[in-house]
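Heads up, the thing below is written out as structure tokens.
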Amino acid sequence: MSRMNMEISLRRRVTNIVMLSITGLFTLLTITILFCILGYLLYHGIGSLSWSFFTNLPKPTGEAGGGMANAIVGSGKILLIATVLGVPVGFLAGVYLSEYSGRTFAFVVRYVTDLLNGVPSIVIGIFAYAMVVKPMHRFSTLAGGIALGIMMIPIAVRTTEEFLRAVPNSLREASLALGATKATTIFTVVAPAAIQGLVSGMMLNLARVAGETAPLLFTALGNMFWSRGWSQPSASLPVMIYQYAISPYEDYHQQAWAAGFVLLALVLSINVTARLVISGRGATARR
Amino acid sequence: MRHIEQGLEQLKAMLLEMGALVENAVYRSVQGVVEKNEELAHQVLKNEGRINELEMQIDDLAIGLLVLQQPVAADLRLVTAAIKINNDLERMGDLAVNIAQRSLDMMREAVIRPMVDIPHIAGLVQSMVRKALDAFVNRDADLARSVLASDDGVDNLRTASYHELVSYMEKDPSNIPQALNLLSVVRNLERIADHSTNIAEDVLFLVKGIDVRHHNEERLAVHSAPVAEQQ
Amino acid sequence: MAIQPPHVEDTSAMPAGGINAPQTSVIPKLRTRDLNFYYGSFQALHNIGIDIASRKITAFIGPSGCGKSTFLRTMNRMNETVRGTRYDGQILLDGEDIRKMDVTGVRRRVGMVFQKSNPFPKTIFENVAYGLRINGAKKATIAETVQRSLERAALWTEIKDKLHKPASALSGGQQQRLCIARALAVEPEVLLLDEPCSALDPVATLKIEELLFQIKETTTIVIVTHNMQQAARLADHTGFFLMGKLIEFNDTRAIFQNPKKKETEDYVTGRFG
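Here the protein sequences come in this chain order: A, B and C. Here the numbering used here is used: the first residue of the first sequence is 124, the next is one more, and so on. Here the numbering used here is used: the first residue of the second sequence is 13, the next is one more, and so on. Here the numbering used here is used: the first residue of the third sequence is -1, the next is one more, and so on.
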């Protein structure tokens, strides 16, 4: 081997080691930040968790104890409305894009949904405020759900489209060749074949909006008591965290940590379930 | 059942029919000579048409199988053997016709000598024909080898006959026409035996996948090659 | 082996009526007249005119991209699902123009089996029952028809104990036979097969060929294959496609033993290109 070759070889090895070190270092940094957040939440949150946190209403300032039962239920109701609104709309639009529309139109719609996805969540909140809260003259669970539902639509559309497109065309042809109509084919063959992906995609979508705060400030507002029905202002975990965290009281801060921890656990469990559905374990949807 | 099987079965059946017709023709032609039976000789001439027709049908079927079914291994050997056996059988049919025609020539003449050698040769040749066909039907290699062994016997008898008939001709020139006819009968019988030998060789190829032609010194002892028995 | 010579009408290659073989007792099930097919501006089929005999096996051979699969897929209007395609000319099923018929009706009468087996991600039973359900078969008859179809596809004895297992558990050859059973369940009058054995081993291929011989008794079969030996073994009639044209169509033995066109001769002898 000539000297020149040895030099080149040495330089290459050094470059390689440097690149490996730099990328590795930053990966480590990312993970560290993530675990810091998790650890911090765990550290502060878990201490304040108690049975009463899940069962009791918030206590007035200064009184010890109290919980966030109303916020947990409120979040649940808001997410339910969001799902009922966002999933069907997104799914059907996704079906249209994947199965019916021409290339140009699909491109335009995809572009628009990407734009919608990029709209700041607070703007969505303002929109829902203008469309629902103003006409009804009140903040409500419904308005909060609609705001989050709108936020779910873009991802629901894209998820549906992606997963339907991933279904091999040969399955559509097999169905059509038996004399099935296109609609029958989509709903009895194509969608069932993609069900795993669709379900997990929608769950991830739900997990994503579960932590949204800004849109709820304008819509569900907040409530220190139980919210009856769907047209009352409602508490929700993210808003509760916001309100408690900015308050000057130490025990409220503790409650906020606990709420943050619960919200994280909720999002995490939805995520893990979705991953399990994707990997096919625990999925009855497979058949 | 594989689709090709039907064709192969049909091919075998047609070859057997052909074999039976030829065997019959050989027998009748010789009987025509020996018994001076004009009726038998005419039957031989009449049946030749059927043999020729069958030859064409067998060729057509065999080529059809080659074209459409692409037989391989034992199936391929069966089809190629069938084509060759078919050819030999048709020639044997022609030779039987030759014998029948000789017999018609001699029909009105008084015999110049006792008919001993011809029935003798004919018996041997007919047994060769039958054994060769049986060997084909039963895929019997040993029987096929026995046909090869008989060929030398026929050759010896033909040589003896030849010398005897020459001596008759030398004795009395008026014997010459009939002696020539008888000579022709003997030669045709000998050639029928040769075709039987060919068939036996084809059977060995069919059953064992070995070629025993043109190796006279070896062909009687071909059991050394480690060839799996085909069935 | 007596085969009625089929009827060919390749108007692109010769004057009208060109190589029409005498049309005697063959009843054509499917016929095309002046069929031209286009992918956008590319013309994939040129003036195809052919009579496909009822209850016979008709094979189409030819090099890749010659249009044989395209032609097959026009006969159940499957190409209409592909964007940017159009065609003109006539395709007649029992003398009736299939373009004037309801498309789902055409596809129920003219079934199709694809190159790659494509069972639905459902159970074996549901795969076969699918066509029955969507065509509104009575519930009581479904199980019976499923069994009969699986029997016709020579699959019943192999899978009768695992009817409710997913179809994906079957071997490649079994999956393809399942697809044939699925197609047979709706009792099509014509079965189109697009290179059905190209992904199968010789044993599975042989099983499918035997199966097609059985089906032929009740169903007109049209098969596209790039395996010439398969066409020779299977088909009563064979057509040779080249560059979107039907070069020659005749009984199979004539195509492989004594083709009339030089292009056919070159292709079947492997001197092509």
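For glycine and all other residues, C-beta sits at the position ideal for the given N, C-alpha and C. Computed from a predicted model, the values in this text were never measured in an experiment.
Alpha-carbon to alpha-carbon, residue j and residue i
| i | j | result |
| --- | --- | --- |
| R105/C | L161/C | 26 Å |
| V290/A | T102/C | 22 Å |
| R398/A | V322/A | 10 Å |
| T264/A | R331/A | 19 Å |
| N139/A | T150/A | 17 Å |
| M76/C | D87/B | 41 Å |
| Q43/B | N49/B | 7 Å |
| I132/C | G63/C | 34 Å |
| L57/B | V224/B | 34 Å |
| Y39/B | G61/B | 17 Å |
| M127/A | Y163/A | 54 Å |
| L161/A | F123/C | 49 Å |
| Q255/C | L195/B | 45 Å |
| L340/A | V362/A | 7 Å |
| R135/A | S125/A | 15 Å |
| G134/C | S175/A | 57 Å |
| A192/A | I247/A | 27 Å |
| V188/C | R151/B | 44 Å |
| N225/C | I55/C | 15 Å |
| Y252/A | A127/C | 51 Å |
| G268/C | D154/B | 42 Å |
| N193/B | M118/B | 7 Å |
| M127/B | L73/B | 42 Å |
| K137/C | L176/C | 21 Å |
DSSP state of residue i mapped onto helix, strand, coil
| i | result |
| --- | --- |
| V332/A | helix |
| P26/C | strand |
| K243/C | strand |
| N248/C | strand |
| G221/B | coil |
| V256/A | helix |
| N110/B | helix |
| L172/A | coil |
| F348/A | coil |
| F35/C | strand |
| F238/C | strand |
| K259/C | coil |
| Q355/A | coil |
| V128/B | coil |
| F214/A | helix |
| F270/C | coil |
| F341/A | coil |
| V123/B | coil |
| F40/C | strand |
Buried versus exposed call for residue i [16 or more other C-beta atoms within 10 Å across all chains shown]
| i | result |
| --- | --- |
| F158/A | exposed |
| V184/C | buried |
| K98/C | exposed |
| Q227/C | exposed |
| F262/A | buried |
| L148/C | buried |
| L23/B | buried |
| Q18/B | exposed |
| S359/A | buried |
| T22/C | Below a pLDDT of 50, predicted positions are generally treated as unreliable, and T22/C, at 46, falls in that range; no measurement from the model is reported. |
| V242/A | exposed |
| K158/C | exposed |
| N346/A | buried |
| H260/A | exposed |
Chain D contact for residue i (CB, 8 Å cutoff)
| i | result |
| --- | --- |
| E335/A | This model lacks chain D altogether; the protein chains it does include are A, B and C. |
In chain order, which continuous runs of the alpha helix (DSSP H) of length 4 or greater are located wholly inside the stretch 137 to 208 of chain B? 153 to 183
Which full runs of the beta strand (DSSP E) of 3+ residues lie inside the stretch 143 to 217 of chain C, going along the chain? 188 to 192
Does the structure place the stretch 285 to 301 of chain A close enough to the stretch 198 to 205 of chain A that three or more beta carbon pairs sit under 8 Å? no
Identify every run of the beta strand (DSSP E) within the stretch 43 to 117 of chain C, keeping only runs that are complete inside it and at least 3 residues long; order them along the chain. 55 to 59, 83 to 91, 108 to 111
Between the stretch 26 to 43 of chain C and the stretch 82 to 91 of chain C, can you find at least three pairs of beta-carbon atoms closer than 8 Å? yes
Inside the stretch 224 to 251 of chain A only - beta strand (DSSP E) runs reaching at least 3 residues: none
Counting pairs of Cβ atoms below 8 Å between the stretch 198 to 209 of chain B and the stretch 77 to 86 of chain B, do you hit three or more? no
Three-pair Cβ contact test at 8 Å for the stretch 134 to 147 of chain B versus the stretch 163 to 170 of chain B: yes
Write down every uninterrupted run of the alpha helix (DSSP H) in the stretch 267 to 322 of chain A whose length is 4 residues or greater and which is fully enclosed by it, in chain order. 292 to 300, 305 to 308
Every unbroken alpha helix (DSSP H) within the stretch 17 to 81 of chain B, with a cutoff of 4 residues, ordered by chain: 50 to 81
Are the stretch 372 to 384 of chain A and the stretch 309 to 329 of chain A touching, with three or more C-beta to C-beta distances below 8 Å? no
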